[in-house]
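Undergrad: Take this structure first; my questions come after.
In this note's numbering, the protein residues as written are 526 to 770.
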């Protein structure tokens, strides 16, 4: 059974039987061992030591974390982000951002976002030892970062590498590598490409109660998602956690 591009949604054990709920299983997926129901979102059942099912269980997830306005934008028309800071700082939401970073060991970046991302976090680490952002900055600088670009061969940044291959192929290959999960923060165009190709496994959307009227969206077509959980913060932000259907 070929499962390279399948995405794990959930799984359960009953005695020696493993049931796996997945999506994006390829058309040539074997329906015999393990048995799959044949739908676009498959339920596969097999022995818990089945190597194909274990491959799915061991794949890393691609997590998306973004700040989003009340009316669904991740930035203003020209990338403006000042609306994010209109609310007072909430320590619990910052802790969640740290926890999400700690669940990952690789960051994916779009080419346009990379210079500003690298410059900001390296400047905090190097020149702002007392910054409240220092714990997150350390993680952003020390973590492996992969920027996707067809035009740039080398880009400056600590622990930064350039990937020029086809997006879906490269992401699927990363998911099969050992390690923690994978994180993407932006930019908007890059994230839109990931979403359009069904590569995002979990969405962590920090909804800010500020409408900005116009801006950059990460959704370019209709996309049905399952709301897995919400977390309310004292400053009015709401973390919405979604998973693909």
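For glycine and all other residues, C-beta sits at the position ideal for the given N, C-alpha and C.
Could you tell me the distance, in whole angstroms, from the CA atom of residue 768 to the CA atom of residue 648?
TA: Mapped onto the chain shown, residue 768 falls at position 243. Mapped onto the chain shown, residue 648 falls at position 123. Their Cα atoms are separated by approximately 34 Å.
Undergrad: Return the first residue and the last residue of the beta strand (DSSP E) that residue 586 is part of.
TA: Mapped onto the chain shown, residue 586 falls at position 61. Element bounds for residue 586: n/a, residue is neither H nor E.
Undergrad: How big is the Cα-Cα spacing for residue 712 and residue 612?
TA: Walking along the chain shown from the start, residue 712 turns up at place 187. Walking along the chain shown from the start, residue 612 turns up at place 87. About 22 Å.
Undergrad: In the structure shown, what three-state DSSP assignment does residue 756 receive?
TA: Taking the first residue of the chain shown as position 1, residue 756 is located at position 231. Note: residue 756 maps to strand in three-state DSSP.
Undergrad: Identify whether residue 696 lies in helix, strand or coil by the three-state DSSP scheme.
TA: Working through the chain shown from its first residue, we reach residue 696 at position 171. In this structure, residue 696 counts as helix in the three-state DSSP scheme.
Undergrad: Reducing DSSP to helix, strand and coil, say where residue 592 ends up.
TA: Here residue 592 refers to the residue found at position 67 of the chain shown. Three-state DSSP puts residue 592 in a strand.
Undergrad: In or out: residue 689 buried (at least 16 other Cβ within 10 Å) or exposed?
TA: Counted from its first residue, the chain shown places residue 689 at position 164. By the 10 Å Cβ count, residue 689 comes out exposed.
Undergrad: Would you check if the stretch 618-629 and the stretch 716-725 touch, i.e. whether three or more CB-CB distances between them fall below 8 Å?
TA: Result no; under three Cβ-Cβ pairs closer than 8 Å.
Undergrad: With a 10 Å radius around its C-beta and 16 neighbouring C-beta atoms as the bar for buried, classify residue 738 as buried or exposed.
TA: Here residue 738 refers to the residue found at position 213 when the chain shown is read from its first residue. Exposed: under 16 other Cβ atoms inside 10 Å.
Undergrad: Please name the residue, chosen from 651, 585, 590 and 583, that lies closest to residue 766 on a Cα-to-Cα basis.
TA: One-based indexing of the chain shown puts residue 766 at position 241. Residue 766 has its Cα closest to that of 590, out of 651, 585, 590 and 583.
Undergrad: Are residue 667 and residue 644 close, meaning C-beta to C-beta below 8 Å?
TA: Mapped onto the chain shown, residue 667 falls at position 142. Mapped onto the chain shown, residue 644 falls at position 119. Not in contact: residue 667 and residue 644 (Cβ atoms no closer than 8 Å).
Undergrad: Along the chain, which unbroken stretches of the alpha helix (DSSP H) at least 4 residues long are found entirely within the stretch 619-658?
TA: Complete alpha helix (DSSP H) runs here, min 4: 639-652.
Undergrad: Buried or exposed: which applies to residue 752, given that a residue is buried once 16 or more other Cβ atoms fall within 10 Å of its Cβ?
TA: Residue 752 sits at position 227 when you count from the first residue of the chain shown. Result: exposed.
Undergrad: Would you grab the beta carbon distance between residue 770 and residue 750 for me? Rounded to a whole angstrom, and I think it's under 8 Å.
TA: Residue numbering aside, residue 770 sits at position 245 when the chain shown is read from its first letter. Residue numbering aside, residue 750 sits at position 225 when the chain shown is read from its first letter. Right, their Cβ atoms sit about 7 Å apart.
Undergrad: Of all the options 733, 759, 719 and 757, which has the alpha carbon lying nearest to the alpha carbon of residue 748?
TA: Taking the first residue of the chain shown as 1, we reach residue 748 at position 223. Nearest option by C-alpha distance: 719.
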